[in-house]
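Undergrad: I'd like to ask you about the structure that follows.
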Amino acid sequence: AWATGTPYDEASEVLRIPLIVGEAWDVQPRNRDVFIELRPAEVECDNGKGWLVEDGTLEIRTEFCNYLSLTQQALLELAAGTELELALSHSDLNFNAPANAHIALSIAGTTIWEDDIPIPSDGNLLKHSIALPFDVGLGDPIEIHLHNHGDNAWTVHSLDAFVPSDLELEFCPSFESTFEAIQATVFEQAGCANSLCHGAAQAGELDLTPSVAFENLVGVPSSGSSLLRVDPRDPSKSYLYHKLSAKTFPGSYAVGGAPMPSAGEGISAGQLEAIRLWIEAGAPGEGSVGDTLGRGEDEIERLLGVCLPEAEAVNTVPLPRPAPEKGIQFAMPPHDVPAEEETEICFAVYEDFRDVIPPQYMSADREFFYMHKDDRREDAFTHHNVLFYAPLPVEDIHHPSFGNWTCAGGETEGQACEPTDLSSCGSGKCRSEIKNNIACRGYGPRLPPPDRSEGDGGDGSVFGSIIPIRSSVIKDGFYEVYPTHGIFYWNSHAFNLTTEDGIHHVWNNLFFANDRRFQANHVTYSTHIYAGVGTPPFEKRTVCRDYEFNQGDGVLSLTSHTHKRGERFFMHLPGGEQIYETFNYDEPLEAIYEPPIVFNGTDPAERTIEYCATYNNGVNADGSPNIETVTRASRRPPNTGACPPVACVAGKIGAACNGEDDDASCDSSPGAGDGWCDACTIRAGVSSDDEMFIFIASRLANHDAVRNTPEPDDDAQP
Numbered sequence: 025a026w027a028t029g030t031p032y033d034e035a036s037e038v039l040r041i042p043l044i045v046g047e048a049w050d051v052q053p054r055n056r057d058v059f060i061e062l063r064p065a066e067v068e069c070d071n072g073k074g075w076l077v078e079d080g081t082l083e084i085r086t087e088f089c090n091y092l093s094l095t096q097q098a099l100l101e102l103a104a105g106t107e108l109e110l111a112l113s114h115s116d117l118n119f120n121a122p123a124n125a126h127i128a129l130s131i132a133g134t135t136i137w138e139d140d141i142p143i144p145s146d147g148n149l150l151k152h153s154i155a156l157p158f159d160v161g162l163g164d165p166i167e168i169h170l171h172n173h174g175d176n177a178w179t180v181h182s183l184d185a186f187v188p189s190d191l192e193l194e195f196c197p198s199f200e201s202t203f204e205a206i207q208a209t210v211f212e213q214a215g216c217a218n219s220l221c222h223g224a225a226q227a228g229e230l231d232l233t234p235s236v237a238f239e240n241l242v243g244v245p246s247s248g249s250s251l252l253r254v255d256p257r258d259p260s261k262s263y264l265y266h267k268l269s270a271k272t273f274p275g276s277y278a279v280g281g282a283p284m285p286s287a288g289e290g291i292s293a294g295q296l297e298a299i300r301l302w303i304e305a306g307a308p309g310e311g312s313v314g315d316t317l318g319r320g321e322d323e324i325e326r327l328l329g330v331c332l333p334e335a336e337a338v339n340t341v342p343l344p345r346p347a348p349e350k351g352i353q354f355a356m357p358p359h360d361v362p363a364e365e366e367t368e369i370c371f372a373v374y375e376d377f378r379d380v381i382p383p384q385y386m387s388a389d390r391e392f393f394y395m396h397k398d399d400r401r402e403d404a405f406t407h408h409n410v411l412f413y414a415p416l417p418v419e420d421i422h423h424p425s426f427g428n429w430t431c432a433g434g435e436t437e438g439q440a441c442e443p444t445d446l447s448s449c450g451s452g453k454c455r456s457e458i459k460n461n462i463a464c465r466g467y468g469p470r471l472p473p474p475d476r477s478e479g480d481g482g483d484g485s486v487f488g489s490i491i492p493i494r495s496s497v498i499k500d501g502f503y504e505v506y507p508t509h510g511i512f513y514w515n516s517h518a519f520n521l522t523t524e525d526g527i528h529h530v531w532n533n534l535f536f537a538n539d540r541r542f543q544a545n546h547v548t549y550s551t552h553i554y555a556g557v558g559t560p561p562f563e564k565r566t567v568c569r570d571y572e573f574n575q576g577d578g579v580l581s582l583t584s585h586t587h588k589r590g591e592r593f594f595m596h597l598p599g600g601e602q603i604y605e606t607f608n609y610d611e612p613l614e615a616i617y618e619p620p621i622v623f624n625g626t627d628p629a630e631r632t633i634e635y636c637a638t639y640n641n642g643v644n645a646d647g648s649p650n651i652e653t654v655t656r657a658s659r660r661p662p663n664t665g666a667c668p669p670v671a672c673v674a675g676k677i678g679a680a681c682n683g684e685d686d687d688a689s690c691d692s693s694p695g696a697g698d699g700w701c702d703a704c705t706i707r708a709g710v711s712s713d714d715e716m717f718i719f720i721a722s723r724l725a726n727h728d729a730v731r732n733t734p735e736p737d738d739d740a741q742p
């Protein structure tokens, strides 16, 4: 070029960049499967048998795999038009009848390539060039799908992108666990772990350097409050969350000393939300956690700007037992929670604490003990978990309705046991046969008729004559009375949104009451339990109802119960003053009122609280439709009924349609074949995909008269 005077154009080299890593493949959850319409009711394709990774390549053995849908995250940003190359191979394809194998590739929820290969066919190596039809962002899911007939073998060798060498590439930072990502992108980036803060200096006696941060946070008392630094499953009681929130949102929490970080700007709202989700998921030190809305790890990835493995069935750290002089612990015998399933079960246990509870906290006949408060911790699978006392004679413990008694947990797992012998299972626990059941209604031998005069029965509760063991009033002088021994029922409603089978644990600590002057009445008002039903897809709807208190009632606490589309729950006094608001359906606010709200008026209107809930059936913050959070016919859990779809989730998203056979109405243009009629109205039921609307409170009758009772001397306890 210099000799001829012709300008020289430097050609950039084209690089081949791998987009997939064999070891990163993971099973795609049913609720996020792009190919859900092809998915059989029962998928049999276990890792290590139906599919496995050898020497970095994905191998699929269809003898043991009737359907495959695997996913991993895109670790690279790519522009629309980028050329991709997919390389795969298959053995000779055979079946006992003519058929087809369907293989497809999707990115960011959109199929970008698919093919039907006839069976029988000779073995072949296939390479396909694909032009990206849209931009790909960091963390977007890459999904490979195979639906094949017969005993055949497939290998996915590579998926590569061809990009110019002078293109500035941005890769997604990848982490093996959620906590590792929080440590790197929050604590270290914000300077919390440096030598001048919570590093070598150990400000506030807290060391957040990577090797010890988890052990110094989770379940550890804080030095600046009565709270734990991180209370697993409960962000509102985690002092770390308080300290961070107080800097990001000044005034959100009152904290001792300086908010965190002490210097510079607060962490972002997204980082704070990621920490809240991690705590809500049990604050595990290892593993990738998801949220309770079915978004898996995607939401935490978005909030932190990272890539994580698919959400795993992780467990939280156990709740320590109280000191013997302070309280007792009910530990639920652990039970299985199958992958991608929701279950509600009931089983019985026998407990006897008479030789454990100090005499001053028991009645003279040792039949009852006095409780001031409780503390509960459960794995993140929990939708709800209730411990009941069943007023049955111990002689009924071998009633046929209980089935076989076997050991759960420990070294004698699965062995037959005697429930009244508390040592018969070693470190495990003897329990009755697990049965599918809602709220333990009708479980076990026939119970005495319920007392409808007060509390749960009289206030519209879903419970019958079994007695829930709980405390919702943590105030001086208040106490509960519960049996010291007998037959107890565990009602466990759990849902596992991951693709791994899980084990569900619950621990419930009950603390003894010294000051025993007042007993509260519990209100569980479910008369309008299904008021939120019927909210159309891609719409929000607020429903309100009233609850009338008795004259003289003092409201001690308020809380609420909805399911996952209950976006907000709020309550007003007569006149409109808001006294309650929560935005978390699975861990709703438990508001304690001091002084209590006392209703002494003679007019019922003056004693009536309006309670409301806003149900969000698939609406983003900007008002656009969200096909991931809307009620979907294809994603209904097995323990609930079907729903007739009435709106589109693909093609003309949000447009009206009429049933699962009306996909054509959703096509983006006539005959396009890209429509899907799958969105439903909110339905009634007991699963987390259905909705409920329940008002919950505790009250003290004749409050003003009763609270004027003088505090007794310690020697005058009942």
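Offset between the sequence shown (1-based) and the numbering used here: plus 24. Glycine included, each C-beta is placed from N, C-alpha and C at the ideal position.
Short of 6 angstroms in beta carbon distance, which residues of its chain neighbour Arg253, apart from the five on each side in sequence? Order them along the chain.
TA: The residues are Leu241, Val244, Ser246, Tyr263 and Leu264.
Undergrad: For the region 303-317 and the region 199-212, state whether three or more C-beta atom pairs, one from each stretch, are separated by less than 8 angstroms.
TA: They touch, by the three-pair rule.
Undergrad: Which whole-angstrom value describes the C-beta separation of Ile616 and Ser581, a residue pair presumed to lie in contact below a C-beta threshold of 8 angstroms?
TA: With 8 angstroms as the limit, Ile616 and Ser581 qualify as a contact, their Cβ atoms being about 5 angstroms apart.
Undergrad: From the DSSP output, in three-state form, read off Pro357 for me.
TA: DSSP places Pro357 in strand when its eight states are reduced to three.
Undergrad: Reducing DSSP to helix, strand and coil, say where Asn118 ends up.
TA: If DSSP states are grouped into helix, strand and coil, Asn118 belongs with coil.
Undergrad: Where do the ends of the alpha helix (DSSP H) carrying Ser269 lie?
TA: Note, Ser269: alpha helix (DSSP H), Tyr263 to Thr272.
Undergrad: Just to confirm, are Glu83 and Leu92 a CB contact at a threshold of 7 angstroms?
TA: No.
Undergrad: With distances taken between CB atoms, is the gap from Phe405 to Ala518 smaller than 7 angstroms?
TA: Result yes, Cβ atoms of Phe405 and Ala518 sit closer than 7 angstroms.
Undergrad: Identify the residues that DSSP records as bridge partners of Pro142: which are they?
TA: The partner list for Pro142 (beta bridge, DSSP) reads Asn124.
Undergrad: For a test of the three-state rule: what should DSSP assign to His181, helix, strand or coil?
TA: In this structure, His181 counts as strand in the three-state DSSP scheme.
Undergrad: Drop a sphere of 10 angstroms on the beta-carbon of Gly466, count the other beta-carbons inside from all chains shown, and report buried for 16 or more, exposed for fewer.
TA: Exposed is the call here.
Undergrad: DSSP puts Val77 in a beta bridge; with which residues?
TA: For Val77, which the question treats as bridged, DSSP gives the partners Leu82.
Undergrad: Where do the N-terminal and C-terminal ends of the alpha helix (DSSP H) with Phe158 fall, by residue?
TA: Looking at the DSSP string, Phe158 is not in any alpha helix (DSSP H), and its letter there is neither H nor E.
Undergrad: Relative to the C-alpha of Thr653, which residue among Glu605, Gly320 and Asp687 is closest?
TA: Of the listed residues, the one whose Cα sits closest to Thr653 is Gly320.
Undergrad: Which of the three DSSP states is assigned to Ala111 in this structure?
TA: Strand.
Undergrad: Who pairs with His585 in a beta bridge, going by DSSP?
TA: Bridge partners of His585: Ile718.
Undergrad: Look up Cys568 in the DSSP assignment and give the residues it is bridged to.
TA: Per DSSP, Cys636.
Undergrad: Please report how far the alpha carbon of Arg326 lies from the alpha carbon of Gly163, in whole angstroms.
TA: Distance between the alpha carbons of Arg326 and Gly163 is about 8 angstroms.
Undergrad: So Asn240 is in the alpha helix (DSSP H); what residue range does that whole segment cover?
TA: Unbroken alpha helix (DSSP H) run through Asn240: Ala237 to Leu241.
Undergrad: With H, G and I counted as helix, E and B as strand and the rest as coil, what does DSSP make of Tyr617?
TA: Strand.
Undergrad: Relative to the alpha-carbon of Gly351, which residue among Ser113, Phe393 and Thr523 has its alpha-carbon at the smallest distance?
TA: Comparing Cα-Cα distances from Gly351 to each of Ser113, Phe393 and Thr523, the minimum goes to Phe393.
Undergrad: For the alpha helix (DSSP H) that Ala298 lies in, which residues bound it at each end?
TA: Where Ala298 is concerned, the enclosing alpha helix (DSSP H) stretches over Ala293 to Glu304.
Undergrad: Hey, quick one: how far does the beta strand (DSSP E) through Leu521 stretch, first residue to last?
TA: Neither: Leu521 is in no beta strand (DSSP E) and is coded neither H nor E.
Undergrad: So what does DSSP say about Ser448, is it helix, strand or coil?
TA: Reduced to three states, the DSSP call for Ser448 is coil.
Undergrad: Is the number of C-beta pairs between the region 154-170 and the region 89-107 that are closer than 8 angstroms three or more?
TA: Yes, the region 154-170 is in contact with the region 89-107.
Undergrad: Do you know how far the Cα of Ile493 is from the Cα of Arg400?
TA: Arg400 and Ile493: Cα-Cα distance of roughly 12 angstroms.
Undergrad: What whole-angstrom Cβ distance do Cys370 and Asn515 have, given they're in contact under 8 angstroms?
TA: About 5 angstroms; that satisfies the 8 angstroms criterion.
Undergrad: Please state the DSSP three-state secondary structure of Ile553.
TA: Three-state DSSP puts Ile553 in coil, outside helix and strand.
Undergrad: Cα separation between Ser689 and Ala680?
TA: Rounded to whole angstroms, Ser689 to Ala680 spans 8 angstroms at the Cα level.
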